[in-house]
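S.K.:
Protein chains: 2
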Amino acid sequence: MPDLLGGPKRGPGRPSEGVRDSILDAALALLSESGLARLTTRQVASRAGVSEASVFYHFGDKVGLLQAVVLAGLEPLKQLEPATLTGAADRPLADSLSEITSAMDSFFDRALPVVEAINGDADLRAAFAERLLERDLGPHRGVQLVDRYLTGMKELGMVETTADTHATALLIVGACFLRSWQRHLMGNDPGPELPGLTETAHAVAQLLAPRTAD
Amino acid sequence: MPDLLGGPKRGPGRPSEGVRDSILDAALALLSESGLARLTTRQVASRAGVSEASVFYHFGDKVGLLQAVVLAGLEPLKQLEPATLTGAADRPLADSLSEITSAMDSFFDRALPVVEAINGDADLRAAFAERLLERDLGPHRGVQLVDRYLTGMKELGMVETTADTHATALLIVGACFLRSWQRHLMGNDPGPELPGLTETAHAVAQLLAPRTAD
DNA sequence: GTCTATAGGTTGATAGAC
DNA sequence: GTCTATCAACCTATAGAC
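Same order as they appear, the protein sequences are chains A and B. First residue of the first sequence? That's 1 in the working numbering, and the numbers climb one at a time after it. First residue of the second sequence? That's 215 in the working numbering, and the numbers climb one at a time after it.
1. Would you call the segment 319-326 of chain B and the segment 391-400 of chain B in contact, with 3 or more CB pairs under 8 Å?
2. Measuring straight from C-alpha to C-alpha, what distance separates Thr-426 (chain B) and Met-372 (chain B)?
3. So for Pro-222 (chain B), helix, strand or coil by DSSP?
4. Could you name the residues that DSSP lists as bridge partners for Gly-249 (chain B)?
5. Just the C-alpha distance for Gly-6 (chain A) and Arg-47 (chain A), rounded to the nearest angstrom, thanks.
6. Find out if the Cβ-Cβ distance for the pair Glu-52 (chain A), Arg-42 (chain A) is shorter than 8 Å.
7. Start and end of the alpha helix (DSSP H) containing Val-50 (chain A)?
8. If you count every other CB in all the chains shown that lies within 10 Å of the CB of Glu-289 (chain B), and 16 or more means buried, which is it?
9. Determine whether the Cβ of Ser-34 (chain A) lies closer than 8 Å to any Cβ atom of chain B.
10. Inspect the beta-carbon positions of Arg-139 (chain A) and Val-173 (chain A) and report whether they are closer than 8 Å.
11. Can you list the residues of chain A that Gln-257 (chain B) reaches, using a CB-CB cut of under 8 Å?
12. Count the other CB atoms within 10 Å of the CB of Ala-89 (chain A); is the residue buried (16 or more) or exposed (fewer)?
13. Measuring straight from C-alpha to C-alpha, what distance separates Val-277 (chain B) and Asp-337 (chain B)?
14. Please classify Gly-142 (chain A) as buried or exposed, where buried requires at least 16 other C-beta atoms within 10 Å of its C-beta.
15. Would you kindly work out how many angstroms separate the C-alpha atoms of Gly-401 (chain B) and Leu-242 (chain B), rounded to a whole number?
16. Under 8 Å, Cβ to Cβ, is there at least one residue of chain B near Met-158 (chain A)?
17. Let me see if you follow: with CB-CB separation under 8 Å, is Asp-3 (chain A) close to chain B or not?
18. So is Leu-171 (chain A) in contact with chain B if we call contact Cβ pairs under 8 Å?
19. Please state whether the Cβ-Cβ distance between Ala-377 (chain B) and Ala-167 (chain A) is less than 8 Å.
20. Taking only beta-carbon positions, decide if Arg-211 (chain A) is within less than 8 Å of chain B.
21. For Ala-377 (chain B), decide whether its Cβ has a neighbour in chain A, counting only Cβ atoms nearer than 8 Å.
22. What are the boundary residues of the alpha helix (DSSP H) that includes Glu-155 (chain A)?
23. Please report how far the alpha carbon of Met-153 (chain A) lies from the alpha carbon of Ala-259 (chain B), in whole angstroms.
24. Give me the residue from A:Ala-169, A:Arg-20, A:Asp-136 and A:Glu-33 with the minimum Cα distance to Leu-207 (chain A).
25. What number of angstroms, rounded off, separates the C-alpha of Thr-161 (chain A) from the C-alpha of Ile-314 (chain B)?
26. In whole angstroms, what separates the C-alpha of Asp-25 (chain A) from that of Val-114 (chain A)?
27. Taking 6 Å as the limit between beta carbons, can you name the residues of its chain near Asp-147 (chain A), skipping five residues before and five after?
28. Is it buried or exposed for Arg-91 (chain A), if we count other Cβ within 10 angstroms and need 16 for buried?
29. So, is the C-beta of Leu-279 (chain B) closer than 8 Å to a C-beta in chain A?
The structure is reproduced here in structure tokens:
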């Protein structure tokens, strides 16, 4: 590849393996900022600084490219996996919840652009959904995660024993998701705002507080 | 240029103008089942049983058509407006909440296909968002609605006075939204399920119950 | 592995008859 | 108002040189 003049940033900060990754990055960027409907192999190649033929060489066809992009866009999910989510008895519930909601928030922010773009094509969406299924990914994982955390806190006596942790987990994840989704939809001008993350976390903490000896 | 939403008023009862509506219906259907990326003026015309030229005659260009479709797809929002949401003191909180969540659920189910399709194109999304802004529509409206309901219930003594109704409303709407969104994404094969609507409604009702005299 | 050049098909949009 | 016929532009994908 002839990157003679101050070519592709391949310095210390970008250990990019070459053309293949450039194409992936370009596709990811275009997908996020222009949407699926405007994504053409030509534009991807142009943005990546490579020829269009290279796109087909590396990914077979356009669908192959998009699937690869989706997988790349799914990466941030791994950062949501940590088992560090087990609560501690000496921290206020609201603090832990704030951290959790904050982590989910930034995860959604990164994942939504890709997922929403994929959502524009029925076939791609189906392929994507299948991929999620076989990896056992999807929104339910976030709910599971929070559910497990809440159950742990319940055993520590920091959550009302009669509380439905599973449903509560859905409430929490749903709130984060809706906030992210609205931000994604509204772009620059957020319009009327929804309740903040910390406010919501505190509200949940209060609702979940044990009812013993009020 | 043809008017977008207001009817053509062709004659007293406006029974005519079959073509325009056929086009709108066809576009709406195609958008829902195949996504934006696969929506071509040719397919719309074919499905509507009219010529392609008619599409351009009525809507100017493709963007005009899509904007009209979005407006049409936004219609179901009006069904979520009713002020009948004021709670009664003689009904269990869980029952009212189940009704509310159920209504939101079916609203999202109808609105999501269009909104998600629009989401696939950055320009359309921006135009759509602007439209939402000037009409003061969007997710925050649902939150407002539920918030108002909860506040009413609080005044009736059926909800704990210290509860944050605004944040709680976000939790409820978010849960409904996430459930709908997952269903939309996963299609036929829902995969691992999230907590059900009624279960969630009951959980919220329990969390919100007044703490007096336990 | 990457390029240039191009084939073959689709798209959005227009012109003009009726 | 609706149609048929058509165009120029664009798209995906392939062939072949290097």
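Yeah, the Cβ is synthetic: ideal placement off N, Cα and C, and Gly gets one too.
M.R.: The answer reads as follows:
1. They touch, by the three-pair rule.
2. Residue 426 (chain B) sits at position 212 when you count from the first residue of the second sequence. Residue 372 (chain B) sits at position 158 when you count from the first residue of the second sequence. C-alpha separation (whole angstroms): 11 Å.
3. In the second sequence, counting from the first residue as 1, residue 222 (chain B) sits at position 8. Here the model assigns Pro-222 (chain B) a pLDDT of 41, short of 50, so the residue's position is not dependable and the matter cannot be decided.
4. The sequence position of residue 249 (chain B) within the second sequence is 35, counting from 1. Its beta-bridge partners are A:Asp-121.
5. Working through the first sequence from its first residue, we reach residue 6 (chain A) at position 6. Working through the first sequence from its first residue, we reach residue 47 (chain A) at position 47. Here Gly-6 (chain A) scores only 36 on pLDDT, less than 50, and its place in the model should not be relied on; the value that follows carries that caveat. Computed Cα separation, rounded: 15 Å.
6. To locate residue 52 (chain A), count along the first sequence from 1; it is residue 52. To locate residue 42 (chain A), count along the first sequence from 1; it is residue 42. Yes, the pair counts as a contact, with Cβ atoms nearer than the cut-off.
7. Position 50 of the first sequence holds residue 50 (chain A). From DSSP, Val-50 (chain A) is part of no alpha helix (DSSP H); its letter is neither H nor E.
8. Taking the first residue of the second sequence as 1, we reach residue 289 (chain B) at position 75. By the 10 Å Cβ count, Glu-289 (chain B) comes out exposed.
9. Translated into the one-based positions of the first sequence, residue 34 (chain A) becomes position 34. Yes - at least one Cβ of chain B is within 8 Å of the one on Ser-34 (chain A).
10. Reading the first sequence from its first residue, position 139 is the one you call residue 139 (chain A). Reading the first sequence from its first residue, position 173 is the one you call residue 173 (chain A). Just to set this straight, residue 139 (chain A) is Pro in the shown sequence, not Arg. The answer is yes: Cβ separation under 8 Å.
11. Reading the second sequence from its first residue, position 43 is the one you call residue 257 (chain B). Chain A residues near Gln-257 (chain B): none, gap ~13 Å exceeds 8 Å.
12. As a working mapping, residue 89 (chain A) is identified with position 89 in the first sequence. Exposed: under 16 other Cβ atoms inside 10 Å.
13. As a working mapping, residue 277 (chain B) is identified with position 63 in the second sequence. As a working mapping, residue 337 (chain B) is identified with position 123 in the second sequence. The alpha-carbon atoms of Val-277 (chain B) and Asp-337 (chain B) are separated by roughly 10 Å.
14. The sequence position of residue 142 (chain A) within the first sequence is 142, counting from 1. Answer is buried; the Cβ neighbour count reaches 16.
15. In the second sequence, the residue the question calls residue 401 (chain B) occupies position 187. In the second sequence, the residue the question calls residue 242 (chain B) occupies position 28. If I take the Cα positions, the gap works out to 18 Å.
16. Translated into positions along the first sequence, residue 158 (chain A) becomes position 158. For Met-158 (chain A), the answer is no, since every Cβ of chain B falls outside 8 Å of its Cβ.
17. For the purposes of this step, residue 3 (chain A) is taken as residue 3 along the first sequence, with counting starting at 1. Note that Asp-3 (chain A) scores 37 on pLDDT, short of 50, meaning its location in the model is unreliable; the coordinates nonetheless yield the value given after this. Output row for Asp-3 (chain A): interface = no.
18. For the purposes of this step, residue 171 (chain A) is taken as residue 171 along the first sequence, with counting starting at 1. Yes, Leu-171 (chain A) counts as interfacial toward chain B.
19. Indexing the second sequence from 1 puts residue 377 (chain B) at position 163. Indexing the first sequence from 1 puts residue 167 (chain A) at position 167. No.
20. By 1-based counting over the first sequence, the position of residue 211 (chain A) is 211. Yes, its Cβ sits closer than 8 Å to a Cβ of chain B.
21. Translated into the one-based positions of the second sequence, residue 377 (chain B) becomes position 163. By this cut-off, Ala-377 (chain B) is an interface position.
22. By 1-based counting over the first sequence, the position of residue 155 (chain A) is 155. For Glu-155 (chain A), the enclosing alpha helix (DSSP H) covers residues 139-155.
23. Position 153 of the first sequence, counted from the first residue, corresponds to residue 153 (chain A). Position 45 of the second sequence, counted from the first residue, corresponds to residue 259 (chain B). Whole-angstrom Cα-Cα distance: 58 Å.
24. Mapped onto the first sequence, residue 207 (chain A) falls at position 207. Taking only the C-alpha atoms, the option nearest Leu-207 (chain A) is A:Ala-169.
25. Taking the first residue of the first sequence as position 1, residue 161 (chain A) is located at position 161. Taking the first residue of the second sequence as position 1, residue 314 (chain B) is located at position 100. Those two C-alpha atoms are separated by around 26 Å.
26. Position 25 of the first sequence, counting from 1, holds the residue named residue 25 (chain A). Position 114 of the first sequence, counting from 1, holds the residue named residue 114 (chain A). C-alpha separation (whole angstroms): 12 Å.
27. Here residue 147 (chain A) corresponds to residue number 147 of the first sequence, with the count starting at 1. For Asp-147 (chain A), where only same-chain residues beyond five positions count, the Cβ hits under 6 Å are Thr-165, His-166 and Ala-169.
28. In the first sequence, residue 91 (chain A) corresponds to position 91, counting from 1. With a threshold of 16 other beta carbon atoms within 10 Å, Arg-91 (chain A) falls short and is exposed.
29. The residue you call residue 279 (chain B) lines up with position 65 of the second sequence. For Leu-279 (chain B), the answer is no, since every Cβ of chain A falls outside 8 Å of its Cβ.
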